[in-house]
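Heads up: the structure comes next, in structure tokens.
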Amino acid sequence: MSKLTLNTEGDRFVVVVRRFAAPPEAVYRAHTEPKLVQQWMLGPHGWTMPVCISEPRPGGRIRYEWAMPGGGGFHLTGEYLELEPYSRIVHVERMFLPEPTPDNHIETRFEKDGDGTLMTMRMTLPDAETRARMLATGMEHGMEASYQRLDKLSVS
Amino acid sequence: MPQSADRILRLTITYLLYNDFVMLNTARSARLDAAFLALADPTRRAILARLTKGEATVMELAKPFDMSQPAISRHLKMLESAGLIARRIDGTRRHCRLTDAGLDDIDQWLTMLRQALEKNYERLDELLVAMASKRGEK
């Protein structure tokens, strides 16, 4: 089983490399076709994506909405900038947590690697505040009780 | 409290909770209890709100409150032992600031990103297998 590598490039970028045991066409489609995206781009266990809009053409819209078990969720919007089937996708996205995070510019490349695909995804490293918000959102349900306690304190 | 200060404060607290729950979930309850106790007081919350704007001396922090310096110092001590603020002494001045809870946050963020992506890509591996077998059936 191939493993993911994740490296920072300077202090502004993150580069993720992962190999898949399927040809570039399939991996590319799984990144752009809503019915396929909906099945895997789900984050922590138990989350679902009830809304998935993906219009894979330059200027096409992206909208992913995630729902967490027990209520709550967040969404992401974006636009496709460049598409080279089945080798390259450039898009921009922002999360709403609920305030929008700064635009994340992402380039994803799919290269034939034997009978599989080597995927390289280069994204912008979010700033400190965005990271904090994303960390907070990524935290799993153990956090909920604490937030409820925090809400009761109603920092005013 | 202005909304932006409130948000920064919540982010600071979020970092603390994240550290305690996800990164170092040993000895977490003692620190969390200290943090919640420290936050359960309007004076201490006002002090934290002031510190979201930047470092301040104990004198500056005491100014808006009708309180003796020893009383303010007790509040600061509680905030410090809860890990919410750090103090440094510069000659005769005592400075306070919010703790740099974000010090290792790039590492934390990368860890979270890696976990989320690994889960996603494991699902994608399965989906790709399913897509290939479907195509084989055609």
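As you go down the protein sequences, you meet chains A and B in turn. Start counting the first sequence at 189; every next residue gets the next number (the numbering used here). Start counting the second sequence at 95; every next residue gets the next number (the numbering used here). All residues carry an ideal CB built from backbone N, CA and C; glycine is no exception.
What would DSSP say about residue i, mapped onto helix, strand or coil?
| i | result |
| --- | --- |
| G260 (chain A) | coil |
| E243 (chain A) | coil |
| A230 (chain B) | The question names Ala, but residue 230 (chain B) in the sequence shown is Gly. Helix, per DSSP. |
| E212 (chain B) | helix |
| D201 (chain B) | helix |
| W235 (chain A) | coil |
| P222 (chain A) | helix |
| F159 (chain B) | coil |
| Y216 (chain A) | helix |
| A316 (chain A) | helix |
| P288 (chain A) | strand |
| L306 (chain A) | strand |
| T137 (chain B) | helix |
| M238 (chain B) | With chain B represented from 95 up to 232, any question about residue 238 (chain B) goes unanswered, as that position is not in the structure. |
| D199 (chain A) | coil |
| A180 (chain B) | strand |
Is there at least one Cβ from chain B nearer than 8 angstroms to residue i's Cβ?
| i | result |
| --- | --- |
| R206 (chain A) | yes |
| V215 (chain A) | yes |
| R319 (chain A) | yes |
| A255 (chain A) | no |
| V343 (chain A) | Caution is warranted here: a pLDDT of 40 is assigned to V343 (chain A), below 50, making its placement in the model unreliable, and the coordinate value is therefore given only provisionally. So yes, V343 (chain A) belongs to the interface. |
| M322 (chain A) | yes |
| G302 (chain A) | no |
| L285 (chain A) | no |
| L306 (chain A) | no |
| L264 (chain A) | no |
| L192 (chain A) | yes |
Quick check: residue i and residue j, are their CB atoms within less than 8 angstroms of each other?
| i | j | result |
| --- | --- | --- |
| E396 (chain A) | G247 (chain A) | Absent from the structure is residue 396 (chain A), since the part of chain A shown begins at 189 and ends at 344. |
| D291 (chain A) | R282 (chain A) | yes |
| R217 (chain A) | D301 (chain A) | no |
| A129 (chain B) | R138 (chain B) | no |
| C67 (chain B) | I183 (chain B) | This structure leaves residue 67 (chain B) out entirely; chain B is present only between 95 and 232. |
| L192 (chain A) | L211 (chain B) | yes |
| W203 (chain B) | R319 (chain A) | yes |
| E295 (chain A) | R310 (chain A) | yes |
| T308 (chain A) | V205 (chain A) | yes |
| R245 (chain A) | H263 (chain A) | no |
| M225 (chain B) | A209 (chain A) | no |
| R239 (chain B) | L313 (chain A) | A question about residue 239 (chain B) goes unanswered here, because the residues of chain B that appear run from 95 up to 232. |
Using beta carbons (cut-off 8 angstroms, strictly below), is residue i in contact with chain A?
| i | result |
| --- | --- |
| E212 (chain B) | yes |
| L118 (chain B) | Because L118 (chain B) carries a pLDDT of 46, less than 50, the predicted location of this residue cannot be relied on, and no value is offered for it. |
| R144 (chain B) | no |
| R138 (chain B) | no |
| D219 (chain B) | yes |
| L86 (chain B) | In the structure displayed, chain B extends from 95 to 232; residue 86 (chain B) sits before or after that span and is not available. |
| M204 (chain B) | Sequence inspection shows Leu at residue 204 (chain B); the Met mentioned does not correspond to that position. Answer yes: the Cβ-Cβ gap between L204 (chain B) and chain A drops below 8 angstroms somewhere. |
| L155 (chain B) | no |
| R122 (chain B) | Its pLDDT being 48, under 50, R122 (chain B) is placed unreliably by the model, and the measurement read from it follows with that caveat. R122 (chain B) does not count as touching chain A. |
| L222 (chain B) | yes |
In terms of alpha-carbon separation, which member of the options lies closest to residue i?
| i | options | result |
| --- | --- | --- |
| T305 (chain A) | A:W235, A:S275, A:E243 and A:E221 | A:S275 |
| H293 (chain A) | A:E299, A:D301, A:I277 and A:L285 | A:I277 |
| V223 (chain B) | A:M309, A:R245, A:E197 and A:W228 | A:W228 |
| A148 (chain B) | B:L192, B:G230 and B:R208 | Here residue 148 (chain B) turns out to be Gly, not Ala, going by the sequence shown. The residue with the shortest Cα to Cα distance from G148 (chain B) is B:L192. |
| P222 (chain A) | A:V239, A:V204, A:A209 and A:A214 | A:V239 |
| V202 (chain A) | B:A140, B:K228, B:M206 and B:P158 | B:M206 |
| W254 (chain A) | A:E213, A:T236 and A:D315 | A:T236 |
| M172 (chain B) | B:L142, B:A150, B:Q209 and B:T151 | B:L142 |
| E317 (chain A) | B:G177, B:P136 and B:T146 | B:T146 |
| T289 (chain A) | A:H279, A:D303 and A:T265 | A:T265 |
| T186 (chain B) | B:E216, B:V152 and B:A134 | B:V152 |
Nearest chain C C-beta to residue i closer than 8 angstroms, yes or no?
| i | result |
| --- | --- |
| A226 (chain B) | Included in the structure are the protein chains A and B, with no chain C among them. |
Any heavy atom of the ligand MN closer than 7 angstroms to the Cβ of residue i?
| i | result |
| --- | --- |
| L271 (chain A) | With respect to the ligand MN, the structure offers nothing, as it holds no ligand at all. |
Going along the region 218-243 of chain A in order, which residues come within less than 9 angstroms of chain B, judged by CB to CB distance?
Cβ contacts with chain B: A218, H219, L224, Q227, W228, M229, L230, G231, P232 and H233.
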